[in-house]
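In the working numbering, the protein residues as written are 38 to 173. C-beta atoms are modelled at their ideal positions from N, C-alpha and C, and glycine is treated no differently.
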């Protein structure tokens, strides 16, 4: 079962998802996007802890994603919300790209699997699942 700090972290991550969605729906509102970032960072802190977050973000292969994410965060703070959102989206993509095939496979065999059969989404998921390159 979840202990209290992980439960708080999950709630904070969900609040980050909600405030991020509201921020995008309100045409990239600075307040909601900043609040989203704050909730995400606090949620990660409560779920996995400081050492694991720093180890993940400072990995050699993920440093470009980390820098891009934090540059986007700073751009949002100085009221360049759309550009900051694009930087953060790219950073999250670079940080979580290795987890994407696993995440797609989990969704594929869940009750939400029908979403992956929608045209457009189907081609994108097939690209992520089957387009593997060697690191050479």
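- Message: With three or more beta-carbon pairs closer than 8 angstroms as the criterion, would you say the segment 54-65 touches the segment 86-106?
- Response: no
- Task: Let me know the alpha helix (DSSP H) ranges lying completely inside the segment 69-142, each 4 residues or longer, listed in chain order.
- Result: 87-94, 100-114 and 118-133
- Query: Can you tell me the Cα-Cα spacing of residue 56 and residue 99, whole angstroms?
  - Reply: 26 angstroms
- If we count Cβ pairs, one from each stretch, closer than 8 angstroms, do we get three or more for the segment 66-81 versus the segment 43-51? yes
- Could you tell me which of 146, 145, 166 and 154 sits nearest to residue 135, measuring between CA atoms? 166
- Message: Please state the DSSP three-state secondary structure of residue 39.
- Response: coil
- Quick one, are the C-beta atoms of residue 124 and residue 108 less than 8 angstroms apart? yes
- Grab the span of the alpha helix (DSSP H) containing residue 166 for me, first residue to last. 158-167
- 8 angstroms Cβ cutoff met for residue 85 and residue 131: no
- Can you have a look at residue 49 and say buried or exposed, based on whether 16 or more other CB atoms are within 10 angstroms of its CB? buried
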